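Report on the structure given below.
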Amino acid sequence: MESLQERGWALVPAPHGGITGLRKLSEQLSLEVLPSIGRQVYQAPFPGGTLHHAPCGQKEVLGHSERAYRPILPMPDLCIFAALRSIPVHLGGQLTLVDGESMLWHLPSSLEMRLRREGVVYEMEWGKERWQSEFGLDHRDDLEMLLSTCPQLSYQWKGEILSLLWRQSPLRRSWSSGREAFANGMLAHLASLPAGVDNAGKIYCHASNGISWGGGGPFADRELVEIIKAHQRCMHILTLAPKEMVVIDNTRVMHGRKASAVAVGDELVCRFGRLTKPAPAERSRWC
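Taking my numbering, the leading residue of the sequence shown gets 80, the next gets one more, and so forth.
See below:
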């Protein structure tokens with residue numbers, strides 16, 4: 080796994096990858112598997128924990144660190160994707176990888192300094208089923224008790240809908256390299272795309288999401304455009320062959336998915352988890 084330390088991701092070739100390779104790697108790392116919210120469980124006997132489908136749609140998903148938008152509960156250290164069958168390149172649907180260490184160097188210095196100083200606020204509205212799934216809690220009282228443990232968070236209720244604001248650093252220290260990286264969920268958490276972004280209509284965004292500056296106020300369109308430009312400069316498009324597997328340092332490399340011309344279902348499966356040996360010393364600057 081030398082390349083994991085070098086570049087933040089490692090390709091495991093067939094026949095060592097695939098589902099069997101994923102299971103063996105999980106055992107070797109004593110990986111603490113974390114649930115994948117919103118992804119369908121892969122329906123096959125699988126010792127050692129859950130596997131999920133990693134479908135793609137007709138919208139491109141920009142690079143993000145898995146579960147970086149969610150407060151309090153742990154963010155995965157590793158993301159693992161295994162290919163069950165190939166997707167013809169002309170149909171799209173490939174994985175994209177963005178090295179957050181490199182991306183820091185491609186951001187304008189004034190923007191990088193402000194991100195470092197203020198952080199970012201994730202804004203989200205979740206219905207009852209969503210917040211129950213995200214936090215693994217059924218009752219509002221239990222959730223409120225959990226949310227009260229994080230001083231960087233504020234919330235209000237709109238009936239059964241949880242409206243949540245969470246201030247977080249967009250920078251993390253990579254467990255694989257020990258260096259700082261732009262590794263967060265910002266670009267997959269936009270309510271809309273700013274003017275000036277190429278193919279904006281084909282990129283995923285959602286009206287119930289949003290981001291703003293940690294010190295208050297929205298991101299200007301030009302600031303978001305600069306971040307997306309840096310993302311595109313650092314993006315690597317990866318086409319996995321059947322039974323290949325890619326292992327990603329979630330604290331350094333952000334993953335995404337190109338849009339697909341057709342519905343793509345079980346070509347990829349995925350697993351997310353935390354390393355238990357050795358446990359990374361620093362996972363995040365803020366709660």
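All C-beta atoms, glycine included, are put in the ideal place defined by N, C-alpha and C.
Note that the structure is predicted; figures quoted are calculated from it, not measured.
Supposed close pair residue i, residue j - CB separation, criterion 8 Å
i    : j    : result
I98  : V348 : 7 Å
C229 : P150 : 5 Å
E346 : R219 : Their Cβ separation, rounded to whole angstroms, is 39 Å, which puts E346 and R219 out of contact at 8 Å.
Any non-hydrogen atom of the ligand SAH within 6 Å of residue i CB
i    : result
S253 : This structure does not include the ligand SAH; it has no bound ligands of any sort.
Reference residue i, options the options, closest by Cα
i    : options                : result
M333 : L319, C313, G295       : C313
L157 : K281, V112, L141, Q211 : V112
A338 : Y234, E85, G142        : G142
E208 : L241, P94, L303, S189  : L241
F351 : L226, G296, A161       : A161
V304 : D220, I159, L244, H185 : H185
V168 : R336, R331, T318       : T318
L108 : P114, S82, I159, S115  : I159
Q84  : R331, A340, K356, R336 : R331
V238 : G206, I307, A320       : The displayed chain sequence assigns Gly, not Val, to residue 238. The shortest C-alpha separation from G238 is found at G206.
G172 : G100, W88, A133        : A133
E204 : I290, Q311, A89        : I290
S189 : K356, I306, D178       : I306
N278 : P114, V140, L244, E145 : V140
L244 : G294, A320, L90, G96   : G294
P94  : I282, P321, G335, N288 : P321
Q389 : H131, L216, Y201       : The structure shown does not extend to residue 389, since the chain is modelled only from 80 to 366, so the question has no answer here.
R246 : G296, G215, S82, V276  : G296
C-alpha gap between residue i and residue j, whole angstroms
i    : j    : result
E106 : P153 : 20 Å
I354 : L110 : The sequence given here has Leu at residue 354, not Ile. Their Cα atoms are separated by approximately 5 Å.
G280 : Y148 : 23 Å
N329 : L174 : 14 Å
S233 : K138 : 31 Å
S256 : A309 : 21 Å
G264 : W236 : 23 Å
P124 : I166 : Caution applies to P124, whose pLDDT of 49 falls short of 50 and renders its modelled position unreliable; the value that the coordinates give is listed next. Taking the straight line joining both Cα atoms gives about 24 Å.
L90  : S144 : 18 Å
A267 : S227 : 26 Å
E191 : D217 : 39 Å
V276 : F298 : 15 Å
Beta-ladder partner(s) of residue i, from DSSP
i    : result
F160 : V325, C349
W88  : I327
I290 : Y201
M333 : V177
Y283 : Answer is none; Y283 lacks a bridge partner.
A260 : R251
M192 : According to DSSP, M192 bridges with nothing at all.
I316 : T175
Y234 : L243
P155 : In DSSP, P155 forms no bridge with anything.
S227 : Answer is none; S227 lacks a bridge partner.
Cβ neighbours of residue i in the same chain (closer than 8 Å, five flanking residues each side left out)
i    : result
A286 : A270, S271
E259 : E180, L183, L250, R251, R252, S253
S82  : W88, A89, L90
Cut-off 7 Å between Cβ atoms - residues of its own chain near residue i, not counting five sequence neighbours on either side
i    : result
P92  : E323
I116 : S212, E213
W210 : L222, L241
Neighbourhood of residue i by C-beta, 6 Å cutoff - its chain only, sequence neighbours within 5 removed
i    : result
W292 : E197
L194 : P249
K356 : S109
A340 : L170, G171
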